[in-house]
Amino acid sequence: MANKMKKQNTKQSPWALSFEEIFKSLGTSEHGISESEAGRRLKEHGGNDLSEKGQRHGLKILISQFTSPLILILIGAAAIAFFAGEKIDAIVIVAIVVLSALFGFFQEYKAERSLRALKKLVSVKTRAIRGGAVMEVDAKEIVPGDIVHLNIGDIIPADIRLIHVDDFSADESSLTGESAPVFKNVDLLDSKKSLPQDLINMAFMGTTVASGLGEGIVTATGEQTFFGKTAEYLKQEAPETNFHKSIREFGNFLMKITFVMTLFILVVNAALGKSFFDSLLFAIALAVGITPEVLPMLITITLSSGALSMAKKKVIIKSLPSVEDLGNMDILCCDKTGTLTEGVLALADYRNFDDKEDEQLLLYGLLCNSTEVGKRKKSFNNVIDRAIWESDKSVEARRDFKGFKKLDDNEFDFERRRMSVVVKGPHGNVFIAKGAPEAITQVCTFVRKDGKDEKMTKALEAKIHAEVAKYEEDGYRLIAVAEKQYKLNDSHKEEEHDLVYLGLLLFLDPPKKDVKASLLTLARLGVAVKIISGDSAGVTGKICSEVGLKVVENRVITGTELAKLNDREFKAYIHKYNVFARVTPEQKYKIVEGLNKSNHVVGFLGDGINDAPALKAADVGISVDSAAGIAKQAADIILLKKNLNVLTDGIIYGRKIFENISKYIFNTISANFGNMFTVAASSMFLNFIPLLPAQILLNNFFSDMPMLTIATDSVDEHLLQKPKKLSIKMISKFMVVFGLISTAFDLALILPMVFLMKTGPELFRTAWFVESSISEMLVTFSIRTKLPFYKSAPSKWLVLSTVLTCIVVVGITYTQFGYNLFQFDKMPTNIIMLIVGVLVSYFAATEIAKRFFFRKFEEVGD
């Protein structure tokens with residue numbers, strides 16, 4: 093029996109089996125299975141969830157902290173220092189690496205735990221019949237053969253063959269992209285059918301009950317469901333984030349430059365007759381000194397700070413680098429339902445045959461509802477009925493509604509595509525039918541025209557069809573209403589004939605009120621929006637127009653069109669056009685993947701099962717807390733509210749983070765390599781090592797301290813207007829230009845001390861230590877902005893940490909500790925004055941140089 097059940101899950105078509113056949117194949121009955129049998133099947137089939145292949149557990153997160161090129165550089169430098177006898181230096185480097193890694197680990201692990209906690213908050217309970225009794229069961233413990241009850245608002249826990257429905261419809265937008273609910277029946281279907289859209293006697297895992305009641309047999313759980321099959325896409329590795337790529341490229345670039353320059357300096361010093369061992373230690377210390385060992389920690393601190401700020405706005409960050417990629421995003425792909433729209437149907441209009449508003453049409457549309465016979469509920473199960481009742485247009489209909497009593501009804505089914513009721517009113521009984529326009533017109537023999545009932549003719553029917561086509565092109569969901577006077581109190585489907593056609597109810601999923609402003613903000617931030625919807629082209633195009641999203645060439649590209657394109661044409665279409673409709677999950681994935689491969693930073697906002705593959709393919713996968721679990725698993729960022737305003741805030745946060753990390757990189761690369769150029773040049777004429785290894789490490793330590801507060805720094809507004817990427821080409825140009833400026837002013841200090849003042853090694857090293865440490869911190873206030881420094885206010889923490897560190901740098905040279913451990917010497921007044929002059933001149937030169945540099949190599953916004 094177990095093998096048979098397993099085969100049933102994967103190969104048979106439960107929608108093509110009778111009730112007796114499905115009961116027999118799954119070894120169950122109307123009374124359900126026993127608790128003990130459920131436990132046995134749970135062990136055999138596994139839990140009713142998906143194996144989360146993309147989930148990062150503690151050990152994996154910890155290991156990932158030690159795999160970046162920058163960390164590897166530091167580990168290598170520590171190993172060399174240790175074997176060269178500089179054990180203290182090695183311990184300091186390793187300590188920094190470990191602290192940075194642990195800090196990053198705790199931050200990312202905390203984010204993972206937050207997501208897991210969020211998932212627990214939205215765990216699903218299901219009512220199942222076991223041993224003849226109805227009980228609540230955790231959805232993860234549902235097994236094939238369980239009989240489950242479904243009610244409005246329930247999340248459907250598994251794939252289910254329906255055996256009883258009462259006005260039952262399902263919201264399958266998370267699976268198919270369709271915003272309108274799908275009404276279900278229990279009739280047998282052709283076994284050749286396979287698309288969820290066609291299987292109307294099935295309810296699918298991850299979708300929700302939109303109206304009515306249902307009961308069914310669980311036919312598949314976990315990875316055997318349509319949900320699980322969609323998840324196969326997620327087994328592919330997630331693409332490396334652009335931020336990770338940039339940092340990896342920067343690390344590789346740094347390793348090459350460091351190796352070449354260090355080897356050059358080692359060879360030059362040895363060739364000039366200096367002690368090889370001293371030269372080796374100096375080269376090692378210099379390699380450590382020019383390595384930005386604080387960068388990994390700074391990145392983590394800055395990203396964590398941004399993540400914390402976003403958390404205050406109800407955003408959970410799963411992966412810290414995704415914060416940065418969010419800021420660099422230049423294309424956002426999203427569905428229209430729930431993003432551009434409210435995600436609910438609303439009554440837009442009601443038009444009779446004469447194309448006029450008709451209160452009787454609206455009233456009859458509301459009277460023909462899905463509530464139980466004899467009840468006058470104001471809380472309707474059906475979304476169509478709710479939309480009519482809650483509309484501002486139905487004031488009179490709601491008032492007149494109280495004068496009628498529902499006597500009998502004929503439930504909606506897919507074959508008829510309509511429902512009907514008998515109601516008792518002030519003037520007797522009325523038979524009312526409501527449904528798809530073509531389903532209503534085929535049972536109408538009259539039309540209410542100019543207040544009179546006229547015989548339905550081909551011309552009148554053609555006019556109705558023309559009106560229907562026009563409204564459907566405009567994106568409306570249409571419901572037709574008809575009626576006839578009726579003498580009986582009960583009704584049968586066979587009575588649906590000789591009706592009088594009244595008119596049409598028009599529904600729309602309305603756009604969000606603030607979405608137009610959000611789209612304008614995204615455009616101002618340089619983010620192109622592409623709509624990828626499973627809904628119809630008409631509805632999608634209309635909504636885009638209403639919210640101010642210009643449809644390229646007024647053309648909505650459908651999934652059918654995309655399927656006919658070759659790879660070259662497909663690539664051209666996804667770049668040229670911005671609105672896509674009736675697309676499949678695979679096509680969503682291919683669109684995102686195609687944009688990603690064209691050097692764009694792509695974000696994808698989705699919350700449905702059908703969105704999961706695209707979420708995984710995107711540089712930034714964004715979902716919401718109400719999303720299907722598989723969508724949240726695939727996403728990098730979880731929004732507690734599906735709102736584009738939250739995204740625009742996140743983009744700005746991301747860009748601030750990028751700019752602040754860039755400040756550190758540009759500042760450090762220019763100062764450190766400026767020092768290396770200086771060492772290379774001074775090695776030609778100095779007969780001693782310019783700085784001792786311990787002095788280099790202390791210099792590096794002090795100059796990095798203020799940089800740890802860079803995450804708090806303000807960012808100029810014009811730097812936030814466009815997405816950017818960390819460019820190795822730009823870094824190398826900056827390194828050469830500003831490194832040489834740094835070297836020039838270092839030599840402006842060194843040459844007078846060596847050739848005019850004839851300073852000894854201790855005083856020389858002390859003076860250069862102070863000048864190089866302070867100059868690197870001071871020049872930060874120029875490099876941190878492309879504006880004149882006085883037009884851009886730094887954060888108070890950056891100013892305070894810089895001032896305090898400068899005081900410590902100068903102060904340590906006058907302490908016994910500094911004399912004994914670092915071999916500093918007291919600086920006379922003339923040396924101090926020379927240092928001050930060099931620092932002021934260096935800062936001024938940097939201010940002038942940056943104006944010309946950014947004007948030549950980068951466009952600066954105003």
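Whatever position you read off the sequence shown (first residue = 1), add 92 for this note's numbering. Positions of the beta carbon are idealized from the N, C-alpha and C atoms, including for glycine. Note that this is a predicted model, so its numbers are computed, not measured.
Residue environment, residue i, which counts as buried when at least 16 other CB atoms sit within 10 Å
i	result
valine 928	exposed
asparagine 779	exposed
glutamine 908	exposed
phenylalanine 777	exposed
phenylalanine 949	exposed
tyrosine 882	exposed
asparagine 735	buried
lysine 576	buried
glycine 131	exposed
arginine 616	exposed
glutamate 586	exposed
histidine 692	buried
alanine 723	buried
Same chain, Cβ closer than 8 angstroms to residue i, neighbours up to 5 away in sequence not counted
i	result
valine 465	Because the pLDDT of valine 465 is 46, which lies under 50, any placement of that residue in the model is unreliable, and the number read from its coordinates should be weighed accordingly. Cβ within range, chain order: Lys498, Leu499, Asp500, Asp501.
isoleucine 234	Asn140, Thr218, Ala220, Val240, Pro249, Ala250, Val310, Thr313
leucine 612	Gly640
Unbroken alpha helix (DSSP H) run spanning residue i, endpoints
i	result
asparagine 243	Counting along the chain, asparagine 243 falls outside any alpha helix (DSSP H), though it belongs to the beta strand (DSSP E) covering 239-243.
isoleucine 753	736-774
valine 475	475-482
leucine 841	820-843
isoleucine 866	853-875
tyrosine 911	908-914
isoleucine 666	659-668
histidine 137	127-137
Under the three-state DSSP convention, the category residue i falls into
i	result
asparagine 293	coil
methionine 799	helix
leucine 790	helix
arginine 253	strand
methionine 353	helix
leucine 109	coil
isoleucine 234	coil
methionine 421	coil
aspartate 954	Interpretation of aspartate 954 is limited by its pLDDT of 37, a score under 50 that renders its predicted location unreliable; no figure is taken from the coordinates.
methionine 548	coil
tyrosine 442	strand
alanine 330	Because the pLDDT at alanine 330 is just 49, under 50, the model does not fix this residue reliably, and the value given afterwards should be weighed accordingly. Residue state, collapsed to three classes: coil.
valine 359	helix
proline 603	strand
serine 206	Any reading at serine 206 must be qualified, since the residue scores a pLDDT of 49, below 50, and its modelled position is unreliable; no value is offered.
leucine 346	helix
glutamine 104	coil
serine 261	strand
Residue range of the unbroken beta strand (DSSP E) whose run includes residue i
i	result
leucine 591	591-600
phenylalanine 949	Premise fails: phenylalanine 949 lies in the alpha helix (DSSP H), 921-949, not in any beta strand (DSSP E).
phenylalanine 672	671-673
glutamine 577	569-578
threonine 77	The structure shown does not extend to residue 77, since the chain spans only 93 to 954, so no value can be given for it.
glycine 306	300-312
valine 621	620-624
arginine 222	217-222
glutamate 407	Here the sequence assigns valine to residue 407, which means glutamate is not the residue at that position. Run containing valine 407: 407-409, per the beta strand (DSSP E) assignment.
Contacts around residue i, its chain only, beta-carbon distance under 7 angstroms, and the 5 residues preceding and following it disregarded
i	result
asparagine 737	Asp606, Ser610
threonine 804	Ser887, Trp889, Leu890
glutamate 503	Asp258, Asp259, Met511
valine 712	Ser414, Asp417, Leu418, Met421, Gly695, Asp728, Ile729
aspartate 741	Lys405
threonine 835	Gly766, Phe769, Thr770, Ala773
Sequence-distant residues of its chain with Cβ nearer than 6 angstroms to residue i (five each side left out)
i	result
proline 518	Gly495
glycine 435	Thr429
aspartate 582	Asp500
Contact test: residue i Cβ vs the ligand SAH heavy atom, cutoff 6 angstroms
i	result
asparagine 277	Among the components modelled here there is no ligand, and therefore nothing to report on the ligand SAH.
Margin query: Which runs of the alpha helix (DSSP H) at least 4 residues long sit entirely within the stretch 690-729? Give them in chain order.
Written below: Within the stretch 690-729, the complete alpha helix (DSSP H) runs of at least 4 residues are 704-709, 721-726.
Margin query: Suppose only complete runs of 3+ residues qualify. What are the beta strand (DSSP E) ranges in the stretch 504-543, listed by chain order?
Written below: 510-517, 520-527, 536-541
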